[in-house]
Amino acid sequence: MGNIIFIEHDGSRHEAQIEEGATLMQTAMDNGVPGIDADCGGSCACGTCHVIVDKKWLESVGDASNTELQMLDMAPEKSETSRLSCQITTTEAMDGMEVHLPEFQM
Amino acid sequence: MNPIAPIIEKGTSLISLPLIAEKTSPYIPIPLQIKGIHLLVKAKKKVWKGKPVPVFVEKPLPDADSLAIKDIDVSNPFLYRQGLWLSYFKRLRDECPVHYQANSPFGPFWSITRYEDILYVDKHHDLFSAEPIISIGDRPEGMPIEMFIAMDPPKHDVQRQAVQAAVAPKNLAEMEGLIRTRTQDVLDNLPLDKPFDWVDKVSVELTSRMLATLFDFPYEDRHKLAYWSDLSTSSPETTGGPIPSDKVFPVAAEAARYFTELWHRKAAQKAAGKEMGFDLISLLLNNEKTKDMISRPMELMGNLTLLIVGGNDTTRNSMTGGVLALNEFPEEFAKLKNNPKLIPSMVSEIIRWQTPLAYMRRVAKQDVELNGQIIRKGDKVIMWYASGNRDERAIEKPDQFIIDRKNPRNHISFGFGVHRCMGNRLAEMQLRILWEELLARFENIEVVSNPEYVQSNFVRGYTKMMVKLTAKAK
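Read top to bottom, the protein sequences are chains X and F.
Start counting the first sequence at 1; every next residue gets the next number (this note's numbering).
Start counting the second sequence at 107; every next residue gets the next number (this note's numbering).
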């Protein structure tokens, strides 16, 4: 079983076991990773599960939909590789992937 | 030459007020413009007998069960005050979740009452437009201010991004200390062991102070902010409220005068090379896209009004609602006192339980089928957040106030999608600070008589709530 590494804004690292088919947001929540709110429960409608994917892994996570991009536009800490973690389905191929959490969710 | 003259002549048969405002704005000070528009609207009403404004007189409403489903009208501004909203909405959710009311005082409208359907409508701004206004009734004539809450993308996105820095968490962290000090000051001056009005002394006072902080508004005049906000949401034709829109114009002119002065003062500070603060107008002045907003007065006033209203009723009524909820559910109060770490989770639960704004309105941009009903293009659609937050299908024991419930953040009070409440983090922070400071000082906050409620179908709030404080044993 592979792991995904969530890195908080202050540098703290949290490893979470991949559960093939679960969303990245769910994976974080199930493993008690702090810093993800997921207010809308995974509907791509609140922007509070914002993560910044390490550049190397961009290809594995696929493209964001227009709805997702629009929600990300509202995030103050949006960067080039920002994603909503509820819109990423995890696979074993993501073993070792690093994702950064913003300082704040909004 | 008088710049208004040619425009009035052009529109002899139907004076277009927004047009006048738009064309004349660069030449005439905003307060004068508003006064001028008011006079025109008055004159126009006399000559053309404009649309009649509904008058609402309170009568006891019938029980939900005694009505035919088609006669249920949830736009009644007394429904919340009379405590009947729970049973009316439950019937709609169970029997007719997408419901058409053909004959309301606000015209025909659809009610969306279940959580999942509300989420669907809120998310689909391509199908449902937020323009031209988000209240059930139309805005009073002649107030063409532009608010991004009532705009669709892409225009909405540009405007929102220009001002959202003011309430972004980074900025809030800068303000937290000041908010806490101002909260402590209010609480330290409350009477002990004798009844007083919590709405006036705490909720209104704290939200006014917060708004003054956010705008760096003259502190001694802060109560004007709450007053302006109240007036702008209370006209009968927009929300069923008690204040005729006639009264709103002079007040809007006063607000415009204050903010124009504040803008010029800040602009002068900037020109003099002084360090700018974190207040809204400084942020607007420091942003390339918005630094000239003073020359687009309807946009400026729209943004300011939106932030004043958005930061006023909502937080104020959650501050009162939280105390009421803890009195109705005393075991939760005990739970809180035993474990103050529950404050953040309780804050979300208060916002759900109170749902300070009952709904947002949309207009269908095309025919849409939703939950078995066909909503036609152009139909008015009301997303009842107050009902969605009590939907048994989405929330366990929704009528119970449970401060440690599972997933307390999954409420619908902030809306979803591109219009999701921009000030949500500020609201949560204010409420968190309030409760942290309350728990540090008081053993009990007892509601000593039934609260009095706002007349509105939009604002779910309180005009008065008498409470008695007991100090914490030292």
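Note that the Cβ used here is the ideal one computed from N, Cα and C, for glycine as well.
Bear in mind that the values here come from a model prediction, so they are computed numbers and not experimental data.
Any C-beta of chain X sitting closer than 8 Å to the C-beta of residue i?
| i | result |
| --- | --- |
| F/A274 | yes |
| F/K574 | no |
| F/N516 | yes |
| F/G427 | no |
| F/R496 | no |
Residue i: buried (16+ other C-beta within 10 angstroms of its C-beta) or exposed?
| i | result |
| --- | --- |
| X/A16 | buried |
| X/D10 | exposed |
| F/Y194 | buried |
| X/N66 | exposed |
| F/M425 | buried |
| X/L58 | exposed |
| X/W83 | Before going further, note that residue 83 of chain X is Arg rather than Trp in the sequence given. Under this definition X/R83 is a buried residue. |
| F/T576 | exposed |
| F/R482 | exposed |
| X/D95 | exposed |
| X/M1 | exposed |
| F/H370 | exposed |
| F/L99 | Any answer about residue 99 of chain F is impossible in this case: the structure gives chain F only from 107 up to 580. |
| F/P514 | buried |
| F/G379 | exposed |
| F/V180 | buried |
| F/I480 | exposed |
| F/V264 | exposed |
| F/D228 | buried |
| F/S555 | exposed |
| X/Q70 | buried |
| F/S335 | buried |
| F/D663 | Outside the shown range of chain F (107 to 580) lies residue 663 of chain F, about which nothing can therefore be said. |
| F/V163 | exposed |
| F/V161 | exposed |
Does the beta carbon of residue i come closer than 8 Å to any beta carbon on chain F?
| i | result |
| --- | --- |
| X/S85 | no |
| X/P34 | no |
| X/D73 | yes |
| X/A16 | no |
Among all the DSSP beta bridges, which residues are the ones paired with residue i?
| i | result |
| --- | --- |
| F/S235 | F/V469 |
| X/S82 | X/I52 |
| F/M572 | F/D303 |
| F/S335 | The partner list for F/S335 (beta bridge, DSSP) is empty, contrary to what the question assumes. |
| X/H100 | X/I7, X/I52 |
| F/Q265 | Paired residue(s): none; F/Q265 is not in a bridge. |
| F/H68 | Absent from the model: residue 68 of chain F. The displayed extent of chain F is 107 to 580, so no value can be given. |
| X/H14 | X/F6 |
| F/Y559 | F/Y568 |
| F/K395 | Beta-bridge pairing links F/K395 to no other residue. |
Who are the neighbours of residue i on chain F, taking C-beta pairs under 7 Å?
| i | result |
| --- | --- |
| X/D39 | R515, N516 |
Counting only Cβ pairs nearer than 8 Å, list the residues of chain F close to residue i.
| i | result |
| --- | --- |
| X/A45 | L225, D228, K229, F522, G523, R526 |
| X/F6 | The premise fails here: X/F6 is roughly 19 Å from chain F at the closest Cβ pair, so nothing lies under 8 Å. |
Note down, in chain order, every chain F residue with its Cβ under 9 Å from the Cβ of residue i.
| i | result |
| --- | --- |
| X/Q70 | H231, P259, D263, G523, V524 |
| X/M106 | Q270, V273, A274, P275, M528, N530, R531 |
Can you check whether the C-beta of residue i is within less than 8 Å of a C-beta belonging to chain A?
| i | result |
| --- | --- |
| X/D30 | Among the chains of the structure shown, chain A does not appear; the protein chains present are X and F. |
Evaluate contact between the stretch 173-190 of chain F and the stretch 549-563 of chain F, counting only Cβ atoms and requiring at least three cross-stretch pairs below 8 Å. yes
Please confirm if the stretch 210-225 of chain F is in contact with the stretch 439-455 of chain F, defined as three or more CB-CB distances below 8 Å between the two stretches. no
Counting beta carbon pairs with one atom in the stretch 429-436 of chain F and one in the stretch 310-325 of chain F, are three or more of them shorter than 8 Å? no
Take every Cβ of the stretch 464-476 of chain F, pair it with every Cβ of the stretch 226-235 of chain F, and state whether three or more of those distances are shorter than 8 Å. Touching, yes, given that three or more Cβ pairs across the two stretches are closer than 8 Å.
So, do the stretch 411-419 of chain F and the stretch 483-495 of chain F have three or more beta carbon pairs nearer to each other than 8 Å? In short, these stretches do not touch, since the Cβ pair count stays below three.
Using 8 Å as the cut-off, can you tell me whether the stretch 535-548 of chain F makes contact with the stretch 159-176 of chain F, which would need three or more C-beta pairs spanning the two stretches below that distance? no
At least three beta-carbon pairs within less than 8 Å, the stretch 277-284 of chain F to the stretch 531-540 of chain F: Touching, yes.
Are the stretch 511-526 of chain F and the stretch 35-55 of chain X touching, with three or more C-beta to C-beta distances below 8 Å? yes
Would you call the stretch 15-33 of chain X in contact with the stretch 84-92 of chain X, where contact means no fewer than 3 C-beta pairs closer than 8 Å? The answer is yes - the stretch 84-92 of chain X touches the stretch 15-33 of chain X, with three or more Cβ pairs under 8 Å.
Is the stretch 380-394 of chain F in contact with the stretch 258-272 of chain F, if contact means three or more CB pairs nearer than 8 Å? They touch, by the three-pair rule.
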